[in-house]
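Colleague:
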Amino acid sequence: MSLYLWFSLMVIASFIWIIWFLYRPVKSNKFNLESSNISLGKQKLLELEQDLHQNLIDKKQFNQAKEEISITLAIELKQVNSIQNNINNNILILILILILLPVMSIGFYQYLTSKNSMNQSFSNIEESLSLEQSVNKIVEYLQTNRDDAEAWRMLGLTYFELGELDLSIKAYEKSFQINPKDPRLLVEYASIMISANDHQFSNQSIKLIKQALEIDPNSSDSLYLAGMFAARQEDFDLAKGLWQRALNTLPKDSINRVALVNILSELKVLESSRDMSKHFISVRVDVSDQILKFRSSEDFIMIYVKAVKGRPIPIAIKKIKLKVFTGQVVLTDQDSVIQGNKLSTYNQVIVVVRISATGSAIRSIDDIQVLSKVINVADDPFVHLNVK
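Numbering (UniProt numbering), first residue to last: 1 to 388.
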């Protein structure tokens, strides 16, 4: 069903409703009731005259009753005229609405459709303008406006979208020469330099980032790029500080906040991994042939570290069968026995190697055990023990 047909049906339905609503008072019972009251009044007046002729009432009573009936009839006639006027007015209003409603509806509809067509035509014009055409228009504009820094910036940005990085850099350089104090321009220029340099920071791009931060120390884009450079240099503490500052400058409803929060979360995981890698013990164990001759290949070799002082509870442990033991293990926080008692919290430990038939935590009489000297985890995490 076409749009015009729907529109016509809606107008017809409006007509029917308006006619019913305005014409209904015309058919009201009020007019009939008032007319009936007038007739009754006239009838009562005739009855009074008959009573007077029959000497049932005197002249004074007749005149008094006649006056009351006359007043009542006058009021009733006035109400009838008022109702009749209202009916006539409603009919006039009905005629006016029936004439004006379709005219106004059609005019309003044409206004909306013409406005919608206008918006669609503007959208089509914008969509039809390609990046190449945009470049041509900007270049044409710059032929007579060579000192427009913003136009050069837009040209550089459009070239970047087209993948023309060399042309983009040249356009940004023109804009930079005209307006070297715009932090947004400096950050964009540095970003394109980094992209053109295989995502590596050059001296010039670093210089641009520093200049942008000097102009606006709270520029979130400048802080983000500076944090990226710090992370490339493995200065994660500096990167974290810069990114946190960038996060604090962004509005709460900014979509860039999500990206920065994710980066900071990843950095936290990276820092944890880095701290974990700093705290490890590499243990190499040589078991003599004589020991192996008298032990079963199903026996366990347990290698663990314990605190220098205090209870001899393992901090981190690996338990391996002799038949699959390669001779070396590395103990980290991942091997911690208790979650709240990690290897990374200790500066000094003692390494224990024990061969056991059962692999029980409690040492048996036939277990063989060797202890190391005190080990400084950070300085010398490599241990070599012999089991003879």
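For every residue, glycine included, the Cβ atom is placed at its ideal position computed from N, Cα and C.
If contact is defined by three or more beta carbon pairs under 8 Å, each pair taking one atom from either stretch, is the stretch 291-298 in contact with the stretch 331-340?
Modeller: Result no; under three Cβ-Cβ pairs closer than 8 Å.
Colleague: Can the beta-carbon of S186 be found less than 8 Å from the beta-carbon of A171?
Modeller: Here residue 186 refers to the residue found at position 186 of the sequence shown. Here residue 171 refers to the residue found at position 171 of the sequence shown. The sequence given here has Leu at residue 186, not Ser. Cβ distance not < 8 Å, so L186 and A171 don't count as in contact.
Colleague: Exposed or buried, which one is I169 when buried takes at least 16 other CB atoms within 10 Å?
Modeller: Start at 1 with the first residue of the sequence shown, and residue 169 comes out as number 169. Answer is buried; the Cβ neighbour count reaches 16.
Colleague: Let's test the definition: count the other Cβ atoms within 10 Å of the Cβ of R146 and tell me whether it reaches 16, buried, or not, exposed.
Modeller: Here residue 146 corresponds to residue number 146 of the sequence shown, with the count starting at 1. Label assigned to R146: exposed.
Colleague: With the cut-off set at 8 Å, would you say T332 and L322 are in Cβ contact?
Modeller: In the sequence shown, counting from the first residue as 1, residue 332 sits at position 332. In the sequence shown, counting from the first residue as 1, residue 322 sits at position 322. The answer is no: Cβ separation not under 8 Å.
Colleague: With DSSP as the reference, please indicate the residues paired to P180 in a beta bridge.
Modeller: Taking the first residue of the sequence shown as 1, we reach residue 180 at position 180. The partner list for P180 (beta bridge, DSSP) is empty, contrary to what the question assumes.
Colleague: Under a three-way DSSP split, which group does Q334 fall into?
Modeller: Looking up residue 334 in the sequence shown gives position 334. It is helical.
Colleague: Excluding sequence positions up to five away, which residues of its chain have a Cβ less than 8 Å from the Cβ of N119?
Modeller: For the purposes of this step, residue 119 is taken as the residue at position 119 of the sequence shown. With a pLDDT of only 44 at N119, under the threshold of 50, the placement of this residue in the model should not be trusted; the figure read from the coordinates follows. Hits under 8 Å: none found.
Colleague: Between the stretch 282-291 and the stretch 239-249, do at least 3 Cβ pairs fall closer than 8 Å?
Modeller: Contact between the stretch 282-291 and the stretch 239-249 is absent, because fewer than three Cβ pairs lie under 8 Å.
Colleague: Under the rule that 16 or more other beta-carbon atoms within 10 Å means buried, what is V139, buried or exposed?
Modeller: Within the sequence shown, numbered from 1, the residue matching residue 139 stands at position 139. Exposed: under 16 other Cβ atoms inside 10 Å.
Colleague: Inspect the beta-carbon positions of V377 and N347 and report whether they are closer than 8 Å.
Modeller: By one-based count along the sequence shown, residue 377 stands at place 377. By one-based count along the sequence shown, residue 347 stands at place 347. Going by C-beta atoms, V377 is nearer than 8 Å to N347.
Colleague: Could you check whether A239 and L267 sit closer than 8 Å to each other, using their CB atoms as the reference points?
Modeller: If you number the sequence shown from 1, residue 267 lands on position 267. If you number the sequence shown from 1, residue 239 lands on position 239. For L267 and A239, yes; Cβs fall inside 8 Å.
Colleague: Using only alpha-carbon positions, find the residue among V370, T144 and I192 that is nearest to E164.
Modeller: Looking up residue 164 in the sequence shown gives position 164. Of the candidates V370, T144 and I192, the one whose C-alpha sits nearest the C-alpha of E164 is I192.
Colleague: Tell me which residues share the same chain as L247 and place their Cβ nearer than 6 Å to its Cβ, disregarding the 5 neighbours each side in the sequence.
Modeller: Here residue 247 corresponds to residue number 247 of the sequence shown, with the count starting at 1. Closer than 6 Å at the Cβ level, and outside the excluded window around L247, lie L260.
Colleague: In the DSSP output, which residue or residues are listed as bridge partners for I317?
Modeller: For the purposes of this step, residue 317 is taken as residue 317 along the sequence shown, with counting starting at 1. I317 is bridged to Y304.
Colleague: On the DSSP letters alone, give me the boundaries of the beta strand (DSSP E) that K373 sits inside.
Modeller: The sequence position of residue 373 within the sequence shown is 373, counting from 1. Here the beta strand (DSSP E) through K373 covers I368 to N376.
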